[in-house]
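In my numbering, the protein residues as written are 80 to 417. Ideal Cβ positions, reconstructed from N, Cα and C, are used throughout, including at glycine. Here the structure is a predicted model, which is why all the values come from computation and not from measurement. The next block holds one structure in the form of structure tokens; read it before the comments.
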């Protein structure tokens, strides 16, 4: 079966945190691949927005470097890269102040979908949403995309939802987990529900245990200050690994639409047993093989934030009763795997 590439309508995509780690490693290389595939029409634009005082050419040089580092060589087409860079713009902006917002407004076009990607710390989500609204940049054509982590706990997540709801309708807000875009992850539901051979065997009677591992060889270089406030639990487990657990453990939804899938995932979350301390292992990478220790990258010698975590989780329902789910993730591990 040959996949069909469908070009999207003309858009202006503003990436707040456009010079940050997530934009460099994931968002910008991913957008280049979509451009290479023919999904971006010529009039669409990508606008980086960050505190750094950069010229447009300097930002384009950063985008080029990101493509060269994080896109496979076989997909680095010189002409395509130049074409993609021609759609890149930049605005220096103060997320908590007034600087740069009028320049961003001047860049916006009428009757074009405006998408705003919040690739920044959750503490800035409310400030950015408010300033988009106050400066007349957000309109009926606007969409906002918010990345994880969405708050630090239940109370802060609810407060964040309330702030966003003041300025945007629910239909305009896209809360995403970029890990779900991975092809293997997307195929999980097809493996589960489109293959009649698996469904009768997908239960405790035939499965001894389930292991979900996301291992990384990289450390927290360049983002240690942020990571030290989150740790592996908040950075990986409560979003990426929990989504994988839900896709594996959920019941077939009555219909494959977002609401029905979400409802089945929620049933899995509600069926999770509290995890006792003896079923949790936390660790932190040290120095070795020419690499610095976590505490050096975090710039916090007293840090007790985990860069590695492993948990044994139990799903208390008819399908998975007695089947342990082993979740583990960490930085600076021997091999990169998921």
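Query	Result
Exposure label - residue 108; buried when at least 16 CB within 10 Å	buried
For residue 395 and residue 352, believed in contact at Cβ under 8 Å, the rounded distance	5 Å
Three-way DSSP call (helix, strand, coil) for residue 85 in this model	coil
Cutoff 6 Å; reference residue 384; Cβ partners in own chain excluding five residues on either side	307, 310
Within 8 Å, strictly: CB atoms of residue 277 and residue 192	no
Inter-stretch contact at 8 Å, needing at least 3 Cβ pairs: the region 146-160 / the region 120-130	no
Among 200, 246, 222, nearest to residue 418 - alpha-carbon criterion	Not covered by the structure: residue 418. The range shown for the chain is 80 to 417.
Own chain, CB closer than 7 Å to residue 147, minus 5 neighbours either side, in chain order	155
Where residue 314 falls, given that 16 or more other Cβ within 10 Å makes a residue buried	buried
Cβ neighbour criterion (16 or more within 10 Å) applied to residue 377	buried
Close beta carbons around residue 196, own chain, < 6 Å, minus the five adjacent residues each side	94, 224
Collapsed DSSP secondary structure at residue 135 in the structure displayed	helix
Euclidean distance between Cα positions of residue 412 and residue 373	12 Å
Three-state secondary structure assigned by DSSP to residue 181	helix
For residue 80, the three-state DSSP class (helix, strand or coil)	Interpretation of residue 80 is limited by its pLDDT of 40, a score under 50 that renders its predicted location unreliable; the figure taken from the coordinates is listed afterwards. Residue state, collapsed to three classes: coil.
Residue 111 - DSSP class collapsed to helix/strand/coil	helix
Within 8 Å, strictly: CB atoms of residue 392 and residue 288	no
contact_flag[the region 223-242, the region 175-189] where n(CB pairs < 8 Å) is 3 or more	no
Validate contact between the region 264-276 and the region 234-251 using beta carbons, cut 8 Å, 3 pairs	no
Per DSSP, cross-strand counterpart(s) of residue 168	126
Euclidean distance between Cα positions of residue 399 and residue 283	5 Å
Proximity to residue 257 [Cα-Cα], best of 105, 100, 175, 99	105
C-alpha distance - residue 113 paired with residue 124, whole-angstrom precision	13 Å
Distance CB(residue 138)-CB(residue 169) smaller than 8 Å	yes
Which of helix, strand or coil DSSP assigns to residue 279	helix
Residue 295 beta carbon less than 8 Å from that of residue 409	yes
Alpha helix (DSSP H) runs contained entirely in the region 206-260, provided each spans 4 or more residues	233-246
Spatially closest choice to residue 389 from 358, 381, 206, by CA coordinates	358
Separation of residue 103 from residue 302, as counted between CA atoms	12 Å
Beta-carbon proximity of residue 387 to residue 365, cut-off 8 Å	no
Endpoints, the beta strand (DSSP E) within which residue 194 is located	192-197
Per-residue DSSP class, three states only, for residue 101	helix
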